[in-house]
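Start counting at 1 in the sequence shown, then tack on 35, and there's your number in my numbering.
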Amino acid sequence: MSTGEYIPNIALWQPKSLPRQDQILLQVLGISYYDLVFADYKLVWELIAKQQLNAKEVQRVKHIRKREKNKLFSRGQFHTLEEAIGNLLEEKNELLLTRDKMTQECEYWEKMYKELITLEYS
């Protein structure tokens, strides 16, 4: 890994489609999206038990977990945390390739501009 390479922090990431109130609830509870969606049932409820939630909050977290799991798995996007991480890394690599292509194109046009200026003023 080269220095300066950005690796997304999987533990903190939440999808943009997650409603804001759910994002806040998970942040306040200290439960990451991936723990909620991908961890086994026992681990999730251990995390919740540590928070000493009231019944309404527990129901809300259960609802979020069920909804998000159904949303992800019904679309067939991925079935494991490893697949999700793999998807993010693929997206990152595609973005890096795009950035590199754009950089090369910019360098080409800068070179052409300098040659044009040189020809014009010679």
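Each residue gets a CB set at the ideal place from its N, CA and C atoms; glycine is no exception. Computed from a prediction, not measured in an experiment: that's the story for all the values here.
Here's a check: name, in chain order, each residue in its chain whose Cβ is nearer than 7 Å to the Cβ of residue i, leaving out the five neighbours to either side.
| i | result |
| --- | --- |
| residue 102 | none |
Would residue i and residue j be called neighbours here (beta carbons separated by less than 7 Å)?
| i | j | result |
| --- | --- | --- |
| residue 71 | residue 86 | no |
| residue 99 | residue 135 | no |
Roughly how many whole angstroms lie between the Cα atoms of residue i and residue j?
| i | j | result |
| --- | --- | --- |
| residue 96 | residue 120 | 23 Å |
| residue 40 | residue 124 | Low confidence applies to residue 40: its pLDDT is 42, below 50, so where it sits in the model is not reliable, and the reading given next is rough at best. Straight-line Cα distance between these residues: approximately 12 Å. |
| residue 126 | residue 67 | 21 Å |
| residue 118 | residue 89 | 34 Å |
| residue 153 | residue 145 | 12 Å |
| residue 142 | residue 130 | 18 Å |
| residue 104 | residue 128 | 26 Å |
| residue 237 | residue 55 | With the chain covering 36 to 157 only, the question about residue 237 has no answer from this structure. |
Quick one: residues in its chain with C-beta nearer than 8 Å to the C-beta of residue i, no 5 flanking neighbours on either side, listed in chain order?
| i | result |
| --- | --- |
| residue 78 | 70 |
| residue 52 | 106 |
Counting only runs of 3+ residues fully inside the stretch 85-156, write out the beta strand (DSSP E) ranges in chain order. none
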